[in-house]
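> One structure is given below, represented as structure tokens, and several questions about it will come after.
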Amino acid sequence: MIPVNGEVLQLLLILGAGLFALGLYGVLTRKNTIGLLIGLELMANAVNLNLVAFGRYHGGTDGQVFTLFTIALTVAEVAVGLALVILLHRSRRSTDLDAAADLHG
Amino acid sequence: MMHELTATLRPILATLPLLHIVVAAPFVGAMLLLFINDSRPTTVRVIGVVASAISMVASFAIAIAYDMAAGGVQMTSELALVPSLGINLSLGVDGWGVSLLILTGLIMFAGAWASWTVKTRGREFYLMLLVLVTGVFGVFVSLDLFVFFLFYEIAVLPMYLLIGIWGSSNKVADAGPFKFIWKLLDIGGKEYAAMKLTLMLLIGSALIVAAMAAMYIEAGSTSFDLRHLEKTRFSLGLQLWAFPALWVGFGTLAGIWPFHTWSPDGHASAPTAVSMLHAGVLMKLGAFGVMRIGMVLLPEGAREWAWLVGGVAAINILYGAFAAMAQKDLKYIIAYSSVSHMGVVMLGAATMTVNGWNGAVYQMFAHGLMTGLFFALVGLIYEQAHSRWIPDFGGFAKKQPYIAAFFTLGCLSSLGLPGLAGFVAEWLVFLGAWQSPHAWWAIIGLLGAWITAIYVLRATRRIFWGPAPDEKWTDIRDPRGTEWVALWMLGLALVLFGAVPSLILDFIDVTTVETLPRVANAALEVLR
Amino acid sequence: MTHDLLALLALLSPLVAAVVLFIIAPLRVRGAVSAALTIGATSVSLVASVLLAAARMFGATAPNVDLQLAWLPGGAQTLATVGVYVDPVAAPMMVVVALVALCVQVYSVGYLGHEPSRDRGRYFAYHALFAFSMLGLVMAPNLLQLFVCWELVGLASYLLIGYYWTKPSAGQAALKAFWVTKFADMGLMLGLMVLYVKTGGFDWNVPVGQALMTADAETIAGLFFLAVVGKSAQFPMHIWLPDAMEGPTPVSALLHAATMVAAGVYLIVRAYPIFMLAPTVLTVMVYLGAFTALFAAVVAVFQDDIKKVLAFSTCSQLGYMVAALGTGSMVSGYFHLTTHAFFKALLFLTAGSLIHAVHSNSLHDMGGLWAKMKPTGILLIIGSLALAGFPMTAGFFSKDLILEELLHAGHYLPLGAAILAAGLTAFYMTRVVMLSLFGAPSEAAEHAHESPAVMLAPMVLLAVLALAGGLLHGDFARMAGVEAAFHVTPVGVVATLVGFSGIGLGLWRFSPGRRTAIGTQWVSAPMRLLTWLTASKPVDVFFAGFYRQAMLRAAAGIAWFDRYIIDALINLSGWAVLRGAERFRELQTGQPTDYVYAVVGGLIVLTAMGVFTA
């Protein structure tokens, strides 16, 4: 086990931030719903990474435990998300986000 | 003899919770209606009529039980609602209240009969009507400002549904610099009328709430009781903004210019009984609020703004009369005449003289009876002719001699013919105006009465006089059955209270004499 | 005590009849029942009035009846009272009102005999209302009650002019009468307000020079006089009176000749203590009255409608009364009011009889009726002589008194106008008599027949009074505290001679021979112009123009302003909210990406704020 000191934490946080930025970029630019979901997944995992990193840094197990919960939740979220995508595809013949702008004012 | 009789009856009546009865009877009636099947229209109507009859009789009983020699607020009772904020359901009645309770009782009873012929959703109609009148009665007997406002809103809100559901739509041609509005709004439609009325009155309510809250806080945040607030000397700063807020807030309902425009459309769209109650009673709530809350609680503010209140009232009188003169739709004539006549009420209030105030409250009473009669008649004509367009009418007196006679009676009271209730009120108001520092108000008022004579009599001639009516008016007829009740009741009341005004005016005078000095003395303090 | 009861009886019996007839339809729709009730009630009033008057005139001096009830409260005390008040001034007028009313009502039974029963019922109900109102006016204990009844007689007038309501012209005439008099009545209301503010009451007996300054008195009297101008049809507000002839002829006799139009004169009589304090108003009265007397007499000469002749003649005679009162002599005006009531009612009733016979108001349709209707003819001649001031008739005494007062007061111009008007009066009445009674009968007149006895009897009674009424002049003088015996004066002689020449000229101009030669088309072209100018036409046109051009346009303008400016501004606020909402709704694109952008943007802003504020 690599002990996580301040220096390592910093590296991990940078990695997390990069991952988050990557995901956000995907969410903001992708028109395809699957791509959007992947972006969301990246952002969620960036957060998970931060949780684990901080958990190790503080030396408790809370971080890991919470991460397990979030992973489980993310799975559920992806399941719901993919189900939505399938429904969207069924009704619109497309997985494009533009097709699902029914809530416009 | 009358005095002995009332003196013997008074202790007996004092044992009854008359004020509770007068307020609760229509509400209980409304609740009962919830349990009546819609397929039994007669039961619905009977409940409506009985509930209003109980209130009417109770209002007469209150008049007998009220001891004029003692004066003040009588038959008080209290029930804590929100003790932490000092909100109590405290009821009590003064002379003004007595007279307006009688008016409400009469109009509601007549209105319940006039609604006998409502075809669709009769149950819901009566229900709304009874809820509305509960609010009206409540306002006149409330001694707690918060409860007063609560009842005020209960009285105002059912109007939205009553007009929106049972109303009738009018066509208003598009013209003028704001023609583009017509593309977006259905101007003249019943939903439009209901919406405009409700929104304008609610904006007024917002102003009332603001003034009310400020007064409550300045009086120590302990009580909404009017008697407590009356004892408080509010700072001039508060009074100077709170009085205009109350004036505009309540005044919107009283139809003060230029916030009167809900009234013509609202009254023209509303069904018969609703117009009767609204113009007959509800508009008086506004004027009553301005006088009872605005002027009595904020005397210095009222003094400072009297010139504006009276000036606007003078505009109301002439402007309403002229606008009525140009109308061709019968209901619009009556509606604009209400704007003009409510101006007389506000003018009387602004004079701050004994005669002016007596006249103002009496005008509320007289105008209520008169306009109730008018709208009942218009309803009858409209039901049979399916039109209110005066240029199409003519010679109706041949087939509707009684409607013609009652209409003429209403007109005569409206133009202030002596012997009818309208004269007494107008005369007192104009006399008060002449005694006030603004004597020109009286001249405006007189001119208004003269213009009223022109347009009401012209309308009478157009509708009822002339050669026998066209072929297309074969269906019109005189009233029959239940339709008579409102006409005879209100018509005779106009004559009775015009010939013997002291029946009501004695009550009014008691409260005027008690409250006016507050306002009259206030002036000196402001000047110092 | 008995007098109190009598006074109440005189006032309340017509009221009871009116209330019963207005409310109980089954009685009203039966014309005969309605007539019987009204006539019965008026008879009771007449008997009571005669008893009350007898105890106060002819040297007797019973105390005044003064019963008052609180009517309006104001400031914990009584603001106004109502009641009955009979003094030597009110008593004779009560008799005149009740007597003429009774005569007219009895006459109407015959005159309206052919009308449908329910219409007759309505007619008599109105008459009962009128009798009550007019008596209430005469017996008013204060000026406020006088005003109340003043308006009520106006109502009765409106209803009775509009009796033939299916005729458009009747409707217009009724409205015109009401509007014009109501406009003038504003003067009375304002005057009462000034009076109240200055003296704290509505009493006419004001302590002289104490409570009321001259300036105030001038204001009050001037305002009152405005109302008189309207009610008593003085120039320029006389325009409603000729139109009022649309009503049934008996109505014209009672309301628009004998009693109601004289209410204005009675108001001056009643409020004389105030008028006496207002010299300017009195002078105006003299000049305006004399002008109206002359002007209306000129117009009357050119009328072809017999009722219009009489209507303008009424204007003219009311002008005499107003002028007389303006000289400061209450008696002369009041006395002429009384005698005029008798002979003008008589003239209208005889005119009605003629109209009844030929079914036309026009003098052209009459002629040669003397042969068919001798009694009516004689009565018409008696009335005409009285109106023309033929010596020893009632009109002679009262007119003479007025001219004398004008002379004494030194108003020479009005005096000249009045004498000239007297000559014209004699002339136009002779014209009426000659054209209607003599000459070749017109087609309509061929079938004429005499009126029934029920119509003749009241006329005979009035004719007796028109002849003998002058004997009362001493008594009227005593009322004012002057012991005046009649004596021949130069001005009286001149006026009588002018009157004779008027009659002579009329006899010559309209003698049957000449009439057949030139017909009634005797008005030459320049005279036609004069006719148009002097007939009420220009004044009428002026008022009609004012109504149409000023009032109706102002009304249309304000109604437009209300709908398309004031209300539109309210609507504009609604419009602005709706339009604004339409703009704002575009913020909601429905694109998830846009919302994410918003979240991220928000995050950046919040972070930045955190960084900078930390």
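Protein chains in written order, with the working numbering: chain A, 15 to 119; chain B, 869 to 1396; chain C, 110 to 723. Every residue, glycine too, gets a C-beta built ideally from N, C-alpha and C.
Take the Cβ of B/Phe1298 as the centre, count every other Cβ of all protein chains shown within 10 Å, and call the residue buried at 16 or more, exposed below.
buried
> Can you pull the chain A residues whose beta carbon is under 7 Å from the beta carbon of C/Thr702, in chain order?
Leu42, Leu111
> Which one of B/Ser1282, B/Thr1350, B/Gly1119 has the shortest CA to CA distance from B/Ala982?
B/Thr1350
> In or out: B/Ile1372 buried (at least 16 other Cβ within 10 Å) or exposed?
buried
> Anything in the region 1296-1310 of chain B with a Cβ closer than 8 Å to a Cβ of chain C? List those residues in chain order, please.
Leu1296, Phe1298, Leu1299, Trp1302, Gln1303, Ala1310
> Considering Cα atoms alone, identify which of B/Ala1041, B/Leu1114, B/Tyr1084 is closest to B/Thr1074.
This sequence places Ala at residue 1074 of chain B; Thr is not what is there. Nearest of B/Ala1041, B/Leu1114, B/Tyr1084 to B/Ala1074, Cα basis: B/Leu1114.
> Measure from the alpha carbon of A/Ile28 to the alpha carbon of each residue in A/Arg44, A/Lys45, A/Asn64, A/Glu91, then state which is nearest.
A/Asn64
> Could you pull out every residue in the same chain whose Cβ sits closer than 7 Å to the Cβ of B/Ser1131, ignoring the five residues on either side in sequence?
So the qualifying residues of the chain are Gly1123, Ala1203, Ser1206, Val1207.
> On a CA-only basis, which of B/Ala1354, B/Phe1264, B/Pro1305, B/Thr1276 is nearest B/Glu1339? Give me that one, please.
B/Phe1264
> Within the region 939-976 of chain B, note down every full beta strand (DSSP E) run reaching 3 residues or more, in order along the chain.
942-945, 948-950, 959-961
> Tell me the residue span of the alpha helix (DSSP H) that contains B/Trp1308.
Taken as a continuous stretch (DSSP letters only), the alpha helix (DSSP H) holding B/Trp1308 covers 1308-1332.
> Using Cβ-Cβ distances below 9 Å, what residues of the region 257-276 of chain C are close to chain B?
Only those residues of the region 257-276 of chain C whose C-beta falls short of 9 Å from the nearest C-beta of chain B are listed: Val257, Cys258, Trp259, Glu260, Leu261, Gly263, Leu264, Tyr267, Leu268, Gly271, Trp274, Thr275, Lys276.
> For a contact defined as C-beta to C-beta under 9 Å, what are the partners of A/Asp116 on chain F?
Considering every chain present, this structure includes no chain F. Its protein chains are A, B and C.
> Would you list the residues sitting across from C/Tyr273 in a DSSP beta bridge?
In the DSSP output, where bridge partners are listed per residue, C/Tyr273 has none listed.
> Which of the residues in the region 1360-1371 of chain B, read from start to end, lie with their CB under 7 Å from any CB of chain C?
Pro1369, Ser1370
> With a threshold of 16 other CB atoms inside 10 Å of the CB of B/Leu1215, please say whether the residue is buried or exposed.
buried
> Going by DSSP in three states, C/Gln177 sits in which element: helix, strand or coil?
The three-state secondary structure of C/Gln177, taken from DSSP, is strand.
> Is there a C-beta anywhere in chain C that falls below 9 Å from the one on B/Gln1231?
no
> For C/Asp312, would you say it is in contact with chain B, using Cβ-to-Cβ distances shorter than 9 Å as the test?
Chain B, which has no Cβ nearer than 9 Å to the Cβ of C/Asp312, makes this no.
> Indicate whether B/Trp1034 and B/Thr1379 have their beta-carbon atoms separated by less than 9 Å.
no
> Would you verify that the beta carbon of C/Gly532 is, or is not, closer than 9 Å to some beta carbon of chain B?
For C/Gly532, no CB of chain B lies under 9 Å from its own CB, so it is not counted at the interface with that chain.
> So C/Ala399 and C/Ala577 are in contact, right, with Cβ under 8 Å, and what is the actual spacing, rounded?
In this structure C/Ala399 does not touch C/Ala577 by the C-beta definition: roughly 28 Å separates them, more than the 8 Å allowed.
> Expressed to the nearest angstrom, what Euclidean distance is found between the alpha-carbon atoms of C/Ala454 and C/Ala367?
6 Å
> Return helix, strand or coil for B/Trp1257, following the three-state DSSP convention.
DSSP places B/Trp1257 in the strand class (E or B) of the three-state scheme.
> Any idea if B/Met1144 is buried or exposed, counting beta-carbon neighbours within 10 angstroms, 16 or more meaning buried?
buried
> If we require 4 or more residues per run, which alpha helix (DSSP H) segments fall completely within the region 1106-1181 of chain B?
1130-1137, 1140-1145, 1151-1157
> Output the distance between the C-alpha atoms of B/Leu968 and B/Asp1377, rounded to the nearest integer angstrom.
13 Å
> Return the chain-ordered list of same chain residues with a C-beta closer than 6 Å to the C-beta of C/Val708, the five sequence neighbours on each side being excluded.
none
> In angstroms with no decimal places, state the Cα-to-Cα distance between C/Ser493 and C/Thr539.
7 Å
> Checking contacts by CB at 9 Å: is C/Val705 closer than that to chain A?
So yes, C/Val705 belongs to the interface.
> Who are the near neighbours of C/Glu327 in its chain, counting only those whose CB is closer than 7 Å to its CB and skipping five residues on each side?
Ala387, Thr389, Val390
> So B/Ile1201 and B/Ala1327 are in contact, right, with Cβ under 8 Å, and what is the actual spacing, rounded?
6 Å
> For the region 170-185 of chain C, enumerate the residues whose C-beta is nearer than 8 Å to any C-beta of chain B, in chain order.
Ala179, Trp180, Leu181, Pro182, Gly183, Gly184, Ala185
> Would you verify that the beta carbon of C/Ile627 is, or is not, closer than 9 Å to some beta carbon of chain B?
Its pLDDT being 41, under 50, C/Ile627 is placed unreliably in this model, and the value from its coordinates should be taken loosely. No - not a single Cβ of chain B is within 9 Å of the one on C/Ile627.
> Kindly list the residues whose CB is nearer than 8 Å to the CB of C/Thr625, restricted to its own chain and excluding five residues on each side of it in sequence; keep chain order.
Confidence is the limiting factor: at C/Thr625 the pLDDT is only 49, short of 50, which leaves the residue's position unreliable, though a coordinate-based value still follows. So the list reads Gly548, Ala549, once near-sequence residues are dropped.
> Where does C/Pro250 land, buried or exposed, given buried means 16+ other C-beta within 10 angstroms?
buried
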